[in-house]
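This note's numbering applies: residue 889 is where the sequence shown begins, and numbers increase by one.
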Amino acid sequence: MKTAQISFKDGVAYSEDFGDIYFSADNPAGESEYVFASAIDEIWERQDRFIIAEAGFGAGLNFLTTLNKFKDSSKFLHYVSIEANPISKEDLVRIYQNLGVFKELSNELIKSYPPLIQGFHRLNFKNSRITLDLCFGKIDQILPELDFRADIWFMDGFAPSKNSDMWSDEVFKEVANLSKAGAILRTYSSTKAVQNALAKNGFKVSLQKGFGKKREMISATLETASHNVKNPWFNRFDIQSSDKTPKSALIIGGGVAGCVSAYRLAELGLKVTVAEKCEDIATNGSGNHCGILMPLITKPEVELGRMHMNAFLQAVRFYKKTMRKEECEFNGCIDYAHDEKLLARLEEWLKFDDENGVFDINLNSAPYPSAFIKEGAKARPRKMCKTASKCADILLGYEFESYEVLPDGKISAKFKNGKAIISDMLILALGSDSMEFFSNFDMQLSSVRGQVTHIKESVKTNLAFSAKGYVCPEVDGVQVVGATYDRNLKLDESRSSDDEKNLADIGEFLQGKKPKILGSKVGYRSYSGDRFPIIGRLYDEEFYKDSYKALLWTKNKSENLNARYIPNVYINTAHGSRGLCTAVLGAELICDLVFDRPLCIEKSLFDALHSARFLIRKLKKGIK
């Protein structure tokens, strides 16, 4: 995406795009504290969790000034910042070298700084007590994709005379929609146009003394909150929602989705139990000897591809933090465009964003054009599950049967061994068993059998790669190649014909060699009908069918502005063959819902992952 064009004048960062400085040359950290971060002092004693939103991340000085107030506290900060022209990492380094402030904190920010690709980027600091969501894109495109109720807003774009898009009436309307009643808004600007736009959208505006030589600045308070809900059936907030934060979680399923969910919930303070029907965790598709961590590359701006890119970048950050090199080795991987359709995707990326920061495209590589994914990884899924699940109590031989919501909102889960477990919340990470369990829901689930082949090393490569088939580097004397796809086939035994197909699919890389087959492994993947995972709260089927039955006749509008979900029951499934990526997104998104945090993905992508999406599509067509 378009990055900020910066020059330096007497050590001060200057925007060539807007013809203005990023901050004052005279005590910029002091100005950031005075104008913006001091707002937190007004509500510090009221609560333990805060949501601060910002328009204009710039170099992140306001974030670091705010982070500095939280770093030695036990309170939680979720900071969401929008930036249309992100600064390069190289310029960011120079800016903080010149500023000479927040050395330790700025180093943390620079180390975590994401690739400059449009979309949402979640960064966690201080053991996930501090979260920064960097939203790269134009403000009028980003604001409708946000979903939270902010305590404080920082409006810190370039001056209205130089950046009018950020100070429009429509922007302040969206800001009000994303704010709690009583939310504070701060900005250095004091123009009459900004005052009027704020007042028009429900803010009580007051002028305060500006910083230093500046005469005035605005501090405003939202008097009455009014939240416009676009698609009520996908509303994250439930009419039955409880203010209680759960203290315990039961997760059904010991695959990647279940184990990563366990890690994130435990990290946020919950007591977590994982119940697995087999005699060990990671025995199905998550039990492969070796796999590849890589995103699905679609044409730019395709919704499925945007979701996979978000998931991949979250997964990279998560696994780098939690896994050892022998579990997940980040030395890159290659995605070969082995047909015209895949080649067209790479060619579109070259036109759209030839320096996206995630992958480098080479149209002249052999045997096919390719994308080198810089932070792709050779992954050991079973080992990764073992590591992620160490934070949880593991129950083996617990085959899930049913659940019941108790009068106090707790969940009682029953198992085929006659045991029952009560917890505050339940996550169903059932993998390929989802199709059977959710057979009464409109979810279009299927189970896809896959077989990988273990061979003696026959393709010399340090990098995992994917073409018609995929190849992993040799690990412990075994090279994994794969994989077959057979929808709704139940056959646990391996087939020699599948091994032959796997080898045929990588034939161009074998260079005439006939590999020695050491063994095979069969696993089952869960897929949805639109290839998106199913993540989030489990919808109330009866309520949806009754409340939204007239969508066909009301032109997809409804007077019911609420959704209804099964209390405290969540789903994290249908991850297909890229569960190493999307399972992390699933875990993070569930944490957002449990703790009422801003979403780690765009609202349109949240809707695309919603458990009720297939039912809503049917109801819009008049199908019951």
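We put the CB at the ideal spot given by N, CA and C, even for glycine. What you are looking at is a predicted structure, and each value in this text was computed from that prediction instead of being measured.
Check, Outcome
"Three or more C-beta pairs below 8 Å linking the segment 1420-1429 and the segment 1493-1504", "yes"
"Residue 929 in three-state terms, based on DSSP", "helix"
"Residue range of the unbroken alpha helix (DSSP H) whose run includes residue 1120", "No alpha helix (DSSP H) contains residue 1120, which DSSP labels as neither H nor E."
"Residue span of the alpha helix (DSSP H) that contains residue 996, given as start and end", "991-1000"
"Selected residue, minimal CA-CA separation from residue 1259, among 1377, 1182 and 956", "1182"
"Uninterrupted alpha helix (DSSP H) stretches inside the segment 1429-1487 (no shorter than 4 residues)", "1429-1435 and 1467-1482"
"Within 8 Å, strictly: CB atoms of residue 1021 and residue 1010", "yes"
"Integer-rounded CB distance, given that residue 1486 should sit under 8 Å from residue 1035", "7 Å"
"Cα-Cα separation between residue 997 and residue 1060, rounded to whole angstroms", "28 Å"
"Other residues of its chain near residue 927: CB distance less than 7 Å, five sequence neighbours each side excluded", "1040, 1072 and 1074"
"Cutoff 6 Å; reference residue 892; Cβ partners in own chain excluding five residues on either side", "973 and 975"
"C-beta atoms of residue 1203 and residue 1488 nearer than 8 Å", "no"
"Residue 1320 - DSSP class collapsed to helix/strand/coil", "helix"
"At least 3 beta-carbon pairs within less than 8 Å: the segment 1012-1021 vs the segment 1258-1273", "no"
"Segments assigned alpha helix (DSSP H), at least 4 residues, entirely inside the segment 892-976", "916-923 and 949-958"
"Whole-angstrom distance between residue 1370 and residue 848, CA atom to CA atom", "Absent from the structure is residue 848, since the part of the chain shown begins at 889 and ends at 1512."
"Inside the segment 1049-1094 only - beta strand (DSSP E) runs reaching at least 3 residues", "1067-1075"
"Extent of the continuous alpha helix (DSSP H) to which residue 1221 belongs", "Premise fails: residue 1221 lies in the beta strand (DSSP E), 1221-1224, not in any alpha helix (DSSP H)."
"Through-space distance from residue 985 to residue 993, alpha-carbon basis", "13 Å"
"Where residue 1389 sits in the DSSP three-state scheme", "helix"
"Opposing strand residues paired with residue 1012 [DSSP bridges]", "1019"
"Buried or exposed by the 16-neighbour rule on C-beta atoms within 10 Å, applied to residue 1295", "exposed"
"Check whether residue 1514 and residue 1412 have beta carbons under 8 Å apart", "The structure shown has nothing for residue 1514, since the chain only spans 889 to 1512."
"Burial state of residue 1276, where buried means 16 or more other Cβ atoms lie within 10 Å", "buried"
"C-beta contact flag for residue 1105 and residue 1078 at 8 Å", "yes"
"Residues near residue 1480 in its chain [Cβ-Cβ closer than 8 Å; skip 5 each side]", "1486, 1487 and 1488"
"Sheet register partners of residue 1179 (DSSP bridge)", "1267"
"Residue 1384, buried or exposed, once every other Cβ within 10 Å from all chains shown has been counted against 16", "exposed"
"Reduced DSSP secondary structure (H/G/I, E/B, other) of residue 1218", "coil"
"DSSP-derived helix/strand/coil call for residue 1363", "strand"
"Three-state secondary structure (DSSP) of residue 1419", "coil"
"Pick from 1343, 1399, 1360 and 1359 that is closest to residue 1408, judged by C-alpha positions", "1343"
"Any 3 or more C-beta pairs closer than 8 Å across the segment 1227-1239 and the segment 1267-1284", "no"
"Cα-Cα separation between residue 1218 and residue 1467, rounded to whole angstroms", "17 Å"
"For residue 1342, the first and last residue of its enclosing beta strand (DSSP E)", "1334-1343"
"8 Å contact criterion, which residue 1170 and residue 1048 should meet: CB distance rounded", "The Cβ separation is near 55 Å, so there is no contact."
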